[in-house]
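These notes concern the structure reproduced below.
There are 2 protein chains.
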Amino acid sequence: MSHAMDLTQALGAIVGATHVLTDPQLTETYEHDWTGRFGGRAALVVRPADTEQVAAVVAACAEAGAAIVPQGGNTGLVGGGVPRGGEVVVSLTRLNALGEVDRALGLVPVGAGVTLGALQAHARAAGFDAGLDFAARDSCTIGGAVACDAGGARALRHGTARARVAGLEAVLADGTVVTRMAGLAKDNAGYDLPSLLVGSEGTLGIVTRVLWRLELRCDARVAALVPMESVEAAAALLAALRAEAPTLESCDFFLDDGLSLVLEHQRRSSPVEPRAPVYVLAECAGRSDPTDELAAALEQAGVEEALIADDTPGRERLWALREGHADAINAAGVPHKLDVGVPLAELGRFLAEVPAAAAAAIPGTRAILFGHLGDGNVHVNLLGPEPDDERADDAVLELVLACGGTISAEHGVGVAKARWLDRARGPAEAAAMRAVKHALDPDGRLNPGAVLPVRADQPSSPAAD
Amino acid sequence: MSHAMDLTQALGAIVGATHVLTDPQLTETYEHDWTGRFGGRAALVVRPADTEQVAAVVAACAEAGAAIVPQGGNTGLVGGGVPRGGEVVVSLTRLNALGEVDRALGLVPVGAGVTLGALQAHARAAGFDAGLDFAARDSCTIGGAVACDAGGARALRHGTARARVAGLEAVLADGTVVTRMAGLAKDNAGYDLPSLLVGSEGTLGIVTRVLWRLELRCDARVAALVPMESVEAAAALLAALRAEAPTLESCDFFLDDGLSLVLEHQRRSSPVEPRAPVYVLAECAGRSDPTDELAAALEQAGVEEALIADDTPGRERLWALREGHADAINAAGVPHKLDVGVPLAELGRFLAEVPAAAAAAIPGTRAILFGHLGDGNVHVNLLGPEPDDERADDAVLELVLACGGTISAEHGVGVAKARWLDRARGPAEAAAMRAVKHALDPDGRLNPGAVLPVRADQPSSPAAD
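Those protein sequences? They're chains A and B, same order as listed.
Plus 4 on top of the position in the first sequence (first one is 1) and you've got my numbering.
Plus 4 on top of the position in the second sequence (first one is 1) and you've got my numbering.
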């Protein structure tokens, strides 16, 4: 107890006593994620204001031997940003400085605690686009998005969060700070530690600042909803759109039972008749009107029927069908949500086999599937299983591996899928990852249990090299 | 001696005796780079044919305790691909398989030994562009380009080699193989080892295969040579072009004394009168003719005089002024070549101060400067210093650091700049890099002395963790 008291005092001296939370009524919101599936008690929550304070906090925790869970907007879905029990939660939300946009280079320095929505607005005001977008935009933070290599619908054109990182600052496990914020488009002096930290989910370091690569703003937009006879036909459409419509920004898909669920939940009638097994929702964005380009590409692809929306309300009505899936599914039950990816050539097989595989594991399980066609990124929502019953999840992940896919596309591994990592990556990669983790966090104090499972045979405090 | 004999036999059993070279007449071309500045005797040269053979070769070297220098096209400029003395050179040129282009995803699997030029032709034939280009295209290999994170003029638009890597296969120091060749645009399951291997110059693993991300082919091109009054004016022009000409692909610069040297060497008269201190060479590439876009952007930027070339011979004449620098400089002496980067805001100061700094270190040193404006990437060519006299080089690198720049932009660290790495990256990053190196190559057998200097206090064979 006095040990914890010492750390509380030490952290209070760094960030100010009001930013060290120990009262369960105050710490509660940091201890559980919004899915309700993950979380645990924190030893305390500390809210540093800047990089220097983060470094001092990490050093103090190192001295006290305290494990750390870094947390951004707490919008994660895999339990990687909430305590498992007894850790210090380091909340980064106060690192919310948003710098000036460098218009010549299209770069802007962003604190880890800035929300994606705030960055988007800031970029737009300067004539740029953040180049990243997903539903949690107004809550999620840039630090979290980078730490998890978040994706979203526009990754098709702009890449994932990784592609936005032109520079990065992070605090390592020993409290030292690594900084690459010069904005050099070419810099190959030594290993690219920023690249290693992106997607490491706070297990190798804590992202404190990002030099964000912006895209030019493209205000002229057009969306098309295309009913398709099969996933294979949808994939062929994607190939045609890629080749003929360079302004293509996103290309999502959903299935007919998902559409039914959404329409029922939104009390809307179907905008598409007759209905089809698969729907493709594509959007082009250009500096001049891309409508003709999209229409020509659709025609060349042999599409005979499509709903085209070239104004914002119309586009939003189409996107509501895709983005409304989450709410409609939640209204139908508490889903198990799995974010996975499979090669495009295997997508048809995967989508066809998931429902049976899930139902075989737990009879009665219902699978709602949708996602980002261009990335082979499928959001699998399973309705039916009890919260702790992972048999259907496991069946789906088995199928993912059988299809040569990834157990995580854009949500991350977190604690939810850590036990799958070795099999998913194979022994050589898993061993290399453990070696890297051990090299940069020899005591295993940064987000323990996330990404790599904490194993009984893993030394908890090995001798220094 | 019998030790080496054993290894020769073991490697012969893996790759066939004809692909293990020990005769100095045969090994010679692998032992020195084309600058003539770097190289040493190899224990032997081994030429595996595929990934499996590379893995077996590395495992055999591990067992024999032999150090390895991986080598691609041997076009490096920093001594990272040639032996320092006594290593086994693993030549990757036989890994030259070039797979089919996936047109839906714009991806192609490429063996490490394929030349960039061969990949470019393959991509073009399928309606794509390799998205990477530089002068060594017909000799350099994809494995080397990725291992060094090579850049070139088009990185402004398409990024460096790193941005081309959609998947990677590599052999680690223990002979295990890590493979990510599924082509998943989103895959954040665990640490991104491919990103770590890109730019690690063969010190963490040997790249054997790359899944290459292609760009759509843009055949409509226009180039403009613009005389400018200052570097600051050139930077302002770049900002304007970026904002107004989305088809901008490259934006290089050179200075008036460099132009004089090139014109003299090429026995050409100047295409520009009156002459100016700085020249910007910009090229736009689109699917439709980008000439109007470039002309409008130049006008909006207030440019009154520019040479515009909208046909291939015209563009080549303009580019010959920029690309002719290397030959013209070589004709004037044996240059010390330094590839560095500085933030755009510091570029004017850097270019202005280099000549005096170099001449102060070694009186009479002449500095010819040119490079990629958009990346702040400067190729510093020093004429005058003896081959082994690095005082002028050091003065330039000091100035780079004073400007907040990088000691290597696109050529890599190699052995040439390894002794500068700690200062350039600072103690926290340098320590992290050493930890990562030690984690993945605990015996320090992969390309020892490249990137990280071999230090007396570095354990050569620490206890296993």
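Heads up, the beta-carbon is just placed ideally off N, CA and C, and yes, glycines get one too.
Here the structure is a predicted model, which is why all the values come from computation and not from measurement.
Residue i, buried or exposed, once every other Cβ within 10 Å from all chains shown has been counted against 16
i: Glu205 (chain B); result: buried
i: Ser254 (chain A); result: buried
i: Gln29 (chain B); result: exposed
i: Pro431 (chain A); result: exposed
i: Thr12 (chain A); result: buried
i: Thr145 (chain A); result: buried
i: Met232 (chain A); result: buried
i: Thr22 (chain B); result: exposed
i: Gly89 (chain B); result: exposed
i: Thr33 (chain A); result: exposed
i: Pro52 (chain A); result: buried
Bridge partner(s) assigned by DSSP for residue i
i: His36 (chain B); result: B:Gly43
i: Met437 (chain A); result: According to DSSP, which records beta bridges pairwise, Met437 (chain A) is partnered with nothing at all.
i: Pro113 (chain B); result: B:Leu215
i: Phe138 (chain A); result: DSSP lists no partner for Phe138 (chain A).
i: Gln75 (chain A); result: A:Ser95
i: Leu172 (chain B); result: B:Arg184 and B:Val214
i: Gly378 (chain B); result: Bridge partners of Gly378 (chain B): none, in fact.
i: Leu4 (chain A); result: Since the displayed chain A opens at 5 and closes at 469, residue 4 (chain A) lies outside it and no answer follows.
i: Val24 (chain A); result: A:Val50
i: Ala371 (chain B); result: B:Leu386
i: Ile312 (chain A); result: A:Ala228
i: Leu102 (chain A); result: A:Val114
i: Gly156 (chain A); result: A:Asp137
i: Asn410 (chain A); result: Strictly speaking, residue 410 (chain A) in this sequence is Thr, with Asn absent from that position. Partner(s): A:Gly345.
Any C-beta of chain A under 9 angstroms from that of residue i
i: Gln13 (chain B); result: no
i: Met437 (chain B); result: yes
i: Pro347 (chain B); result: yes
i: Ile411 (chain B); result: yes
i: Pro52 (chain B); result: no
i: Ser254 (chain B); result: no
i: Arg225 (chain B); result: no
i: Lys421 (chain B); result: yes
i: Glu433 (chain B); result: yes
i: Val230 (chain B); result: no
i: Ala460 (chain B); result: In this prediction, Ala460 (chain B) scores a pLDDT of 48, lower than 50, which makes its location untrustworthy; no coordinate-derived value is stated.
i: Val181 (chain B); result: yes
i: Val440 (chain B); result: yes
i: Leu267 (chain B); result: no
i: Arg213 (chain B); result: no
Within-9 angstroms CB hit, residue i to chain B
i: Ile210 (chain A); result: no
i: Ser234 (chain A); result: no
i: Cys65 (chain A); result: no
i: Asn381 (chain A); result: yes
i: Gly147 (chain A); result: no
i: Tyr34 (chain A); result: no
i: Ser465 (chain A); result: With a pLDDT of 35 at Ser465 (chain A), under the threshold of 50, the predicted position of this residue should be treated as unreliable, and no value is reported.
i: Arg98 (chain A); result: no
i: Val417 (chain A); result: yes
i: Thr164 (chain A); result: yes
i: Glu414 (chain A); result: yes
i: Cys288 (chain A); result: no
i: Asn192 (chain A); result: yes
i: Leu470 (chain A); result: Lying outside 5 to 469, the shown extent of chain A, residue 470 (chain A) is not represented and no answer is given.
Count Cβ pairs between the region 357-367 of chain B and the region 307-315 of chain B that sit closer than 8 angstroms; are there 3 or more?
no
| request: Could you name each continuous beta strand (DSSP E) segment of 3 residues or more that falls completely within the region 236-300 of chain A, going from the start of the chain to the end? | output: 252-259 and 282-290
| message | List, from N- to C-terminal side, the beta strand (DSSP E) runs of 3 residues or more that fit wholly inside the region 176-240 of chain A. | response | 181-184, 210-217 and 224-232
At 4 residues or longer, what runs of the alpha helix (DSSP H) sit wholly inside the region 326-359 of chain B?
329-336
Would the region 368-388 of chain B count as touching the region 315-323 of chain B if we require 3 or more Cβ pairs under 8 angstroms? no
Determine, using beta-carbon pairs with one atom in the region 214-226 of chain A and one in the region 107-117 of chain A, whether at least three such pairs fall under 8 angstroms.
yes
Are three or more beta carbon pairs between the region 113-126 of chain B and the region 343-353 of chain A nearer than 8 angstroms? no
Counting pairs of Cβ atoms below 8 angstroms between the region 222-239 of chain B and the region 277-284 of chain B, do you hit three or more?
yes
**Message:** Between the region 442-460 of chain A and the region 402-409 of chain A, can you find at least three pairs of beta-carbon atoms closer than 8 angstroms?
**Reply:** no
### Message
I want to know whether the region 159-173 of chain B touches the region 177-196 of chain A - three or more CB-CB distances under 8 angstroms.
### Response
yes
For the region 88-105 of chain A against the region 33-46 of chain A, do three or more pairs of beta-carbon atoms, one drawn from each stretch, fall closer than 8 angstroms, so that the two count as touching? yes
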